[in-house]
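Asks: Okay, here's the structure, questions in a sec.
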Amino acid sequence: LFCGVGCSNPLFTTTCCCTISTMKLQFVVVAIAVAAANADPETPQECKDIYDKAVADFTSTPESRCEALVAYSKCLGGFPRDATIEALEGPLFTQHSTFCQQFWDKMEAPQLRVVRDNMVMTVDDAKKIEFHRHRRETINVFTMNEQIQNLIAGVDDLKTTFAKNLEDVETKLSASIAALKTSQDDLTSQFETFKGKVNQELLDQTSAMEKQASDLNAQFVKQKEDLDKALDAQKTDLATKMADQKTELTKDLNALKTSLTGVSTSLTTTKTDLEKQIANPTKYMWSGGSKGHSTGGGWADFVLDRVEYNTAKPYFEQNGNKFRALKTGLYTIRWNYMHYTHSTCYRQGRIYINGQRVVPDTHQYLYHWQEARLQVTWEIKAGQIFYMQAKTDCGNPYRWHAGSSWNSAYNRVQVIYEGALPEKGCTSNQGLC
27 LFCGVGCSNP LFTTTCCCTI STMKLQFVVV AIAVAAANAD PETPQECKDI
77 YDKAVADFTS TPESRCEALV AYSKCLGGFP RDATIEALEG PLFTQHSTFC
127 QQFWDKMEAP QLRVVRDNMV MTVDDAKKIE FHRHRRETIN VFTMNEQIQN
177 LIAGVDDLKT TFAKNLEDVE TKLSASIAAL KTSQDDLTSQ FETFKGKVNQ
227 ELLDQTSAME KQASDLNAQF VKQKEDLDKA LDAQKTDLAT KMADQKTELT
277 KDLNALKTSL TGVSTSLTTT KTDLEKQIAN PTKYMWSGGS KGHSTGGGWA
327 DFVLDRVEYN TAKPYFEQNG NKFRALKTGL YTIRWNYMHY THSTCYRQGR
377 IYINGQRVVP DTHQYLYHWQ EARLQVTWEI KAGQIFYMQA KTDCGNPYRW
427 HAGSSWNSAY NRVQVIYEGA LPEKGCTSNQ GLC
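Read left to right, the sequence shown gives residues 27 to 459 (our numbering).
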């Protein structure tokens, strides 16, 4: 079969190839191709020499020669594409492509190898080389090359168009420059005419201004004389007024001295009072309690109807059975009272400041008459209310014992204003400052 086809194709010599077996012919061609691949040709001509040697071999077949043509083309593909490559490859493919197409349709696997220290990937004409990024895009190398060639052709067309447009622009620009030159000459002539008119007008205006300056100078001399006379009159009047003002200022100064003497005396008196107050400071307090008993179970506000001392204002005041701070400051609250049950029962007391207990309730589990004492020093802000409550349960309870007079009182409350906390320097990890 190969003998009949091969001997009629110009790829083959007139020597009959039917005397060699097909398997042997293919082996020879493959061996030549492998040798050529391993040799790494350094020039396109070496590729041509390897191809000529393969085709001239008497053991080759039509298929092996077509494959040798493909190997030759792939070998040339390892060099830059130029006129030499086209001259070596183009005529052979034009002459034999129709006949060899039946063998080229049998595509081989892609090849990846190193040629002259370069990585070369080769595929058959019908195959693609694609790079794929997962879930993104796929790039076909040959499609991209075709697009690049189209872009290059488009750029060449743009260059041609640009050159033509540039030539048109230069022609129009030359015409515009010539027109501008003519216009410039006309403007220069008009400017010289206008310049002459302006110079004449300037001369006329200069003469007019010199006359005006002379007139103004005469007016200035007259005004200066009038001004000197007015200034002399004002100097006399001003001297008289200054003498009068000096007299008035002397009176005011004497009055101020008298006033300052009074202020000094007042400051001395205030200083003396302050020294006395520092040496013997005034206490602002309230002392008193409840005149009567409080019986029964449950909580009750402590009654404040016995007043022993009341110097609370202007820092705080008593309102019924409660106190109200008038100024923010540090206050000490001391409270003692007798309470009773005829059996062992719970007795409790508490101090409220601004609706909150600042110390836990007292808890006493006692029998008969006993005494309770509560005390706290706390900052109370202006406008806040503070008061006391007591409680007893069971056994004929007395929340507190009566105290009708100061020397027989079994209860007493004392509230003392201690002073203001410093504006700076107070620290608290409870958020109180």
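In this text, a Cβ means the ideal position worked out from N, Cα and C, and glycines have one as well.
Please read all numbers here as calculations on a predicted model, not as lab measurements.
Using 8 Å as the threshold, is the segment 447 to 456 in touch with the segment 368 to 377, meaning 3 or more CB pairs across them?
Replies: Because the criterion of three Cβ pairs below 8 Å is not met, the segment 447 to 456 and the segment 368 to 377 do not touch.
Asks: Taking 9 Å as the cut-off, decide whether the C-beta atoms of HIS365 and ALA416 are in contact.
Replies: Yes; because the gap between Cβ atoms is below 9 Å, this pair is in contact.
Asks: Going by DSSP, what residues sit across from ASN191 in a beta bridge?
Replies: Paired residue(s): none; ASN191 is not in a bridge.
Asks: In the DSSP assignment, find the beta strand (DSSP E) that holds GLU397 and state where it starts and stops.
Replies: Looking at the DSSP string, the run of the beta strand (DSSP E) that includes GLU397 is 396 to 406.
Asks: Can you have a look at ILE379 and say buried or exposed, based on whether 16 or more other CB atoms are within 10 angstroms of its CB?
Replies: By the neighbour-count rule (16 or more Cβ atoms within 10 Å), ILE379 is buried.
Asks: Within this structure, are the beta carbons of TYR363 and ASN437 separated by less than 9 Å?
Replies: Contact: yes.
Asks: In the DSSP assignment, what residue or residues form a beta bridge with PHE119?
Replies: For PHE119, which the question treats as bridged, DSSP gives no partner whatsoever.
Asks: Go through its chain and collect everything with a Cβ distance to LYS74's Cβ below 6 Å, but skip five positions before and after it.
Replies: Once the five neighbours on either side are set aside, the close Cβ partners of LYS74 are LEU114.
Asks: Helix, strand or coil for GLN438? Go by DSSP, reduced to three states.
Replies: In the sequence under discussion, the amino acid at residue 438 is Arg, which differs from the Gln named in the question. If DSSP states are grouped into helix, strand and coil, ARG438 belongs with the strands.
Asks: When the Cβ atoms of the segment 328 to 348 are set against those of the segment 295 to 313, are three or more pairs found closer than 8 Å?
Replies: Segments in contact, yes.
Asks: Taking the C-alpha atoms as reference points, what is the distance between ALA109 and GLU193?
Replies: Straight-line Cα distance between these residues: approximately 32 Å.
Asks: Can you tell me whether DSSP reads SER320 as helix, strand or coil?
Replies: SER320: strand per DSSP, three-state reduction.
Asks: Does the beta-carbon distance from LEU300 to TYR443 come in below 9 Å?
Replies: The answer is no: Cβ separation not under 9 Å.
Asks: Which whole runs of the beta strand (DSSP E) in the segment 352 to 393 are 3 residues long or more, in chain order?
Replies: Segments of the beta strand (DSSP E) lying fully in the segment 352 to 393: 355 to 365, 371 to 379, 390 to 392.
Asks: Are the CB atoms of GLY318 and ASP419 within a distance shorter than 9 Å?
Replies: No.
Asks: What whole-angstrom Cβ distance do VAL329 and ASN347 have, given they're in contact under 8 Å?
Replies: Rounded, the Cβ-Cβ distance is 5 Å, consistent with contact.
Asks: Give the C-beta separation of ALA94 and ALA80 to the nearest angstrom, bearing in mind that I take them to be a contact with Cβ-Cβ under 8 Å.
Replies: Contact holds; Cβ gap of about 4 Å.
Asks: The beta strand (DSSP E) with SER313 in it runs from where to where?
Replies: It spans 310 to 315 - the beta strand (DSSP E) in which SER313 sits, taken as one unbroken run.
Asks: Would you kindly report the start and end of the unbroken beta strand (DSSP E) that includes ILE411?
Replies: It spans 411 to 418 - the beta strand (DSSP E) in which ILE411 sits, taken as one unbroken run.
Asks: Taking buried to mean at least 16 other C-beta atoms within 10 Å of its own C-beta, is VAL140 buried or exposed?
Replies: VAL140 is exposed by the Cβ-count criterion.
Asks: Which one of GLU112, LEU118, GLU397 has the shortest CA to CA distance from TYR77?
Replies: The shortest Cα separation from TYR77 among GLU112, LEU118, GLU397 belongs to LEU118.
Asks: Output yes if chain D places a C-beta closer than 9 Å to the C-beta of PHE217; else output no.
Replies: Of the protein chains in the structure, only one exists, and it is not chain D.
Asks: Can you tell me which of SER123, ASN144, CYS459 puts its alpha carbon nearest to the alpha carbon of ASP66?
Replies: The option with the nearest alpha carbon to ASP66 is ASN144.
Asks: Can you tell me whether DSSP reads ILE165 as helix, strand or coil?
Replies: Here ILE165 sits in strand by DSSP.
Asks: Taking the beta carbon of GLU163 as the centre, do at least 16 other beta carbons fall within 10 Å, making it buried, or is it exposed?
Replies: Exposed.
Asks: Tell me, which residues are paired with ASP327 by DSSP?
Replies: Beta-bridge pairing links ASP327 to GLN415.
Asks: Could you say which of GLN382, THR358, GLN390 lies nearest to GLY375 if we only look at CA atoms?
Replies: When each option's Cα is compared against that of GLY375, the closest is GLN390.
Asks: Go ahead and label LEU257 buried or exposed: buried means 16 or more other beta carbons lie within 10 angstroms of its beta carbon, across all protein chains shown.
Replies: Exposed, by the Cβ-count rule.
Asks: If we ignore side chains and look at the alpha-carbon of each, how far apart do LYS297 and PRO307 end up?
Replies: The straight-line gap from Cα to Cα measures roughly 14 Å.
Asks: Residues bridged to PHE349 by DSSP?
Replies: According to DSSP, PHE349 bridges with GLN344, PHE412.
Asks: If you count every other CB in all the chains shown that lies within 10 Å of the CB of ARG399, and 16 or more means buried, which is it?
Replies: When all chains shown are included, ARG399 counts as exposed.
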